[in-house]
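Single-structure report; data block below.
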Amino acid sequence: MSAFTDRLKKFFSSGKKLSDDIFDDLCDLLVEGDFGPAGAYKLSDALKELCRKEKAEDGEAARIILGRLLAELLVSNRPPDLIFPGRAADKLEILILLGVNGTGKTTTAAKLAKRCLDLGKRPILAAGDTFRAAAIDQIKIHGERLGVRVVAHQHGGDPAAVIYDAVEAAKSSGADVIIADTAGRMHTKTSLIGELQKIDRIVASKAENATYSKLLVLDATTGRNALNQAEIFHGAVNLDGFILTKYDSGAKGGAVFSLAEDLNLHAVFLCTGEKYSDIELFNPGQYANAFIGLE
């Protein structure tokens with residue numbers, strides 16, 4: 008349980024009778040937990056109305072209702088097929104991981120490859136981060152450990168060409184999933200975002216008869232800045248969802264709800280550690296309950 012979740016749990020178990028002041032205080036607390044101010048106010052207001060309607064009189068009853076509202080927020084408008092890689096039985100799947108530096112894209116690519124292997128898939132890893140020689144070496148090491156083919160070019164090469172070659176390799180070898188790493192880039196740099204758009208165009212041109220997905224990798228400790236990152240990347244390449252990493256490090260986690268409400272962008276996977284197995288499908292209800300300490 009994070010320190011914030013502990014605070015939220017204590018807030019509801021304080022023994023205070025529900026009042027307008029309590030809901031105002033909750034709004035402030037949600038903002039501290041990385042909710043946007045507008046979303047926090049809307050949620051607090053909805054909770055107040057439901058508590059009145061359901062005649063909830065104490066904090067524990069309100070917390071249970073809040074859990075329902077949070078889960079509904081994460082489920083609302085969530086695509087039914089938001090489970091990949093591994094969702095397509097008879098099509099090549101192309102998955103591109105995007106994000107800023109330090110979010111754990113390369114390690115996440117390896118975790119997804121391991122998940123594919125466990126599902127009986129034949130993945131290929133594409134070393135699309137050609138800006139860092141260390142990133143190419145790192146993904147090759149992961150491929151060696153997992154027994155997964157890695158398609159890579161030289162340091163400084165064209166990342167779009169790497170992914171293009173990975174698609175050709177998959178078609179010729181019978182592999183059914185491509186997981187492509189990309190270079191970390193600041194979401195404020197227009198030229199780098201433009202480069203991602205080039206990758207997107209080239210991959211989309213090769214994705215005929217394939218499923219093509221773009222996932223943003225977000226560090227759970229980033230807080231509200233995660234929304235700023237997502238807005239830029241989503242506007243540039245139309246993301247399909249995001250992966251939340253480093254969730255084991257005491258992150259507050261409220262930004263996930265803001266991403267769902269403000270951008271209709273939903274979490275697909277949750278990473279909780281460094282092992283290849285430390286990745287799980289995102290469970291909206293479970294996440295909402297954990298956020299408010301109802302586990």
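As numbered in the working numbering, the sequence shown has no gaps in its residue numbers, which increase by one up to the final residue, 302. The C-beta atom is built at its ideal place from N, Cα and C for all residues, glycine as well.
{"Asked": "Environment of ARG122 [buried if 16+ CB atoms lie within 10 Å]", "Found": "buried"}
{"Asked": "Short Cβ contact (8 Å threshold) for LEU277 with ASP247", "Found": "no"}
{"Asked": "Beta-carbon gap between LEU124 and LEU77 smaller than 8 Å", "Found": "no"}
{"Asked": "Outcome for LEU80 when other beta-carbon atoms lying within 10 angstroms are tallied against a minimum of 16", "Found": "buried"}
{"Asked": "Contacts around VAL210, its chain only, beta-carbon distance under 7 Å, and the 5 residues preceding and following it disregarded", "Found": "ILE101, ILE103, ILE170, TYR219"}
{"Asked": "Enclosing alpha helix (DSSP H) for ILE239 [first to last residue]", "Found": "232-244"}
{"Asked": "Residue from ILE131, PHE138, ALA140 whose Cα sits closest to the Cα of GLU151", "Found": "ILE131"}
{"Asked": "Residue of HIS162, ILE29, GLY40 minimising C-alpha distance to ARG14", "Found": "GLY40"}
{"Asked": "Bridge partner(s) assigned by DSSP for LEU288", "Found": "PHE276"}
{"Asked": "Exposed unless 16 or more other CB atoms sit within 10 angstroms - verdict on ILE286", "Found": "buried"}
{"Asked": "Minimum C-alpha distance to PHE264 - residue among VAL244, VAL184, ASN290", "Found": "ASN290"}
{"Asked": "Check whether ASP188 and THR252 have beta carbons under 8 Å apart", "Found": "no"}
{"Asked": "Cutoff 8 Å; reference ILE186; Cβ partners in own chain excluding five residues on either side", "Found": "PRO92, LEU102, LEU104, ALA116, LEU119, ALA120, CYS123, PRO130, ILE131, LEU132, ALA133"}
{"Asked": "Nearest-angstrom Cα separation, counted from VAL275 out to ASN232", "Found": "19 Å"}
{"Asked": "Local conformation of ALA214 per DSSP, three classes", "Found": "coil"}
{"Asked": "Close beta carbons around ALA142, own chain, < 8 Å, minus the five adjacent residues each side", "Found": "THR113, ALA134, ASP136, ASP188, ALA190"}
{"Asked": "Bridge partner(s) assigned by DSSP for PRO130", "Found": "VAL184"}
{"Asked": "Pairwise C-alpha distance: ALA159 and LEU272", "Found": "30 Å"}
{"Asked": "Every unbroken beta strand (DSSP E) inside the segment 98-130 [3 residues or more]", "Found": "99-105"}
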